[in-house]
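The block underneath contains the structure these notes are about, expressed in structure tokens.
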Amino acid sequence: MLPQPPMRVTDEQRESLRENGYAVFRQVIDPAVAQRAAAEIVRFVGADLADPSTWYRGDRRLDGIAPLHHADGLWEVRQQPGVYEVFRRLWGADNLYVDMNRCCFRPPASPQHPGRSLGEIHWDIDPRGPLPPSLQGIALLSDVGRNGGGYQCVPSIYRKVDEWLAQNAHAPDFDFFNPGIDFGDAVQVQGCAGDLIVWSTRLPHGPAPNFSRTPRIAAFVSMGVANQDPELRAERVSWWRDKRAPPWWRGLPGQLDPEPGPPARLTALGRKLVGVEPWG
């Protein structure tokens, strides 16, 4: 059994996840780890935080998504004991797999770069579909205030999502990734580098507008109960070893496939979260 850090999930956080569809876990990531991961994302997008003219080099179609998956700093974030502890307690299971998701670098909205960082709300998975609800997450790697491009969501829709879908999602061309939800009822989550936000896949969410003076930097990270299928384990290990994104996240503009360099170092916990070693 791996040593466990102190309890990090309160009754209030569980209640928020149940009633509002999301919960915030403060400072579960070491500040130095968050800083290293943020620096790697900044380098990847070719930005200099001291020079705003360099903040908009990525393909505008990505609108703040940085298709970086295997930087050493990202793996440090994924292997943080506090991150594992949050998901372990939320799932009620020790045997978890971590996803190998991408990052965010969302510069301020600017008249010189129209259409960027104005915010949106979506679902990543069709809430009408057969898949059971799951958990998503994002690690804050920079401080973010209101209208700073951070995470926003609509708990009022989550609380009555089936009713909302029955009224609004019956058209054949309904697009769950662009459902046309107004920002008026959205809740913006403010936080500091090292915080973790976890939400239900049935919660409409997205980035808030960034009307601040600094980019918002973050990394998607979540965990789910491990599927012990040996073929899946082997595939997951190959993604880590070969430094490739999972197939459904490949082919984005500016993405390196594979990413250069050796695979990231894994801790004893990390080896199990990837699948290099099986959960006992």
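Adding 25 to a residue's 1-based position in the sequence shown gives its number in my numbering. Yeah, the Cβ is synthetic: ideal placement off N, Cα and C, and Gly gets one too.
**Item:** Sequence-distant residues of its chain with Cβ nearer than 8 angstroms to Leu87 (five each side left out)
**Value:** Leu277, Pro278, Gly279
**Request:** Count the other C-beta atoms from every protein chain shown that fall within 10 angstroms of the C-beta of Phe202, then say buried if there are 16 or more, exposed otherwise.
**Result:** By the C-beta density criterion, Phe202 is exposed, having fewer than 16 other C-beta atoms within 10 angstroms.
**Asked** Which residues in the same chain have their Cβ closer than 7 angstroms to the Cβ of Val111, if we skip the five residues on either side of it in sequence?
**Response** Arg33, Val34, Phe50, Val53, Leu221, Val223
**Prompt:** From what residue to what residue does the alpha helix (DSSP H) around Tyr183 run?
**Reply:** 180–183
**Prompt:** So which of Leu190, Ser247, Asn235 has the shortest CA-CA distance to Gly170?
**Reply:** Asn235
**Prompt:** Is DSSP giving Leu160 helix, strand or coil here?
**Reply:** strand
**Prompt:** Nearest-angstrom Cα distance between Ser181 and Val214?
**Reply:** 15 angstroms
**Message:** Which residue marks the beginning of the beta strand (DSSP E) containing Val111, and which one marks its end?
**Reply:** Here Val111 belongs to no beta strand (DSSP E); instead the alpha helix (DSSP H) covers 106–116.
**Asked** Which of helix, strand or coil does DSSP assign to Ser247?
**Response** coil
**Prompt:** Where DSSP assigns a beta bridge to Gly216, which residues make up the other side?
**Reply:** Val169
**Top-ranked residue by Cα proximity to Pro255, from Trp304, Asp84, Ala48** = For Pro255, the closest C-alpha among the options Trp304, Asp84, Ala48 is that of Trp304.
**Lys185 burial status per 10 Å Cβ neighbour count (16 or more: buried)** = exposed
**Message:** Using only the alpha-carbon positions, how far apart do Gly249 and Val301 sit?
**Reply:** 16 angstroms
**Prompt:** Hey, is the stretch 101–119 in contact with the stretch 287–299, meaning 3+ C-beta pairs nearer than 8 angstroms?
**Reply:** yes
**Message:** Do Tyr81 and Arg153 count as a contact pair if the criterion is CB distance below 8 angstroms?
**Reply:** no
**Request:** Kindly indicate which residue of Val67, Tyr47, Asn45 has the alpha-carbon position closest to the one of Arg241.
**Result:** Val67
**Item:** Start and end residues, beta strand (DSSP E) containing Phe199
**Value:** No beta strand (DSSP E) holds Phe199; DSSP gives it neither H nor E.
**Request:** Measure the Cβ-Cβ separation of Leu228 and Tyr176 and say whether it is below 8 angstroms.
**Result:** no
**Message:** Quick check on the burial criterion: 16 or more other C-beta atoms within 10 angstroms. Buried or exposed for Val263?
**Reply:** Contrary to the premise, residue 263 reads as Ser rather than Val in this sequence. Under this definition Ser263 is an exposed residue.
**Opposing strand residues paired with Ile90 [DSSP bridges]** = The partner list for Ile90 (beta bridge, DSSP) reads Cys129.
**Request:** Look up Asp55 in the DSSP assignment and say whether it is helix, strand or coil.
**Result:** coil
**Asked** Using the rule of at least 16 other Cβ atoms within 10 Å of the residue's Cβ for burial, across every protein chain shown, is Glu40 buried or exposed?
**Response** Within 10 angstroms of the beta-carbon of Glu40 lie fewer than 16 other beta-carbons, which makes it exposed.
**Prompt:** Short check: CB of Asp168 to CB of Ala243, under 8 angstroms?
**Reply:** no
**Asked** Which residues does DSSP pair with Asn235 in a beta bridge?
**Response** Gly173
**Prompt:** Taking the C-alpha atoms as reference points, what is the distance between Leu156 and Pro197?
**Reply:** 19 angstroms
**Message:** Once DSSP output is grouped into helix, strand and coil, what is the label at Ala63?
**Reply:** helix
**Request:** Determine the contact status of Leu165 and Ala62, defining contact as a CB-CB distance below 8 angstroms.
**Result:** no
**Request:** Count the other CB atoms, across all protein chains shown, that sit within 10 Å of the CB of Trp148; report buried if there are 16 or more and exposed otherwise.
**Result:** With 16 or more neighbouring CB atoms inside 10 Å of its own CB, Trp148 falls in the buried class.
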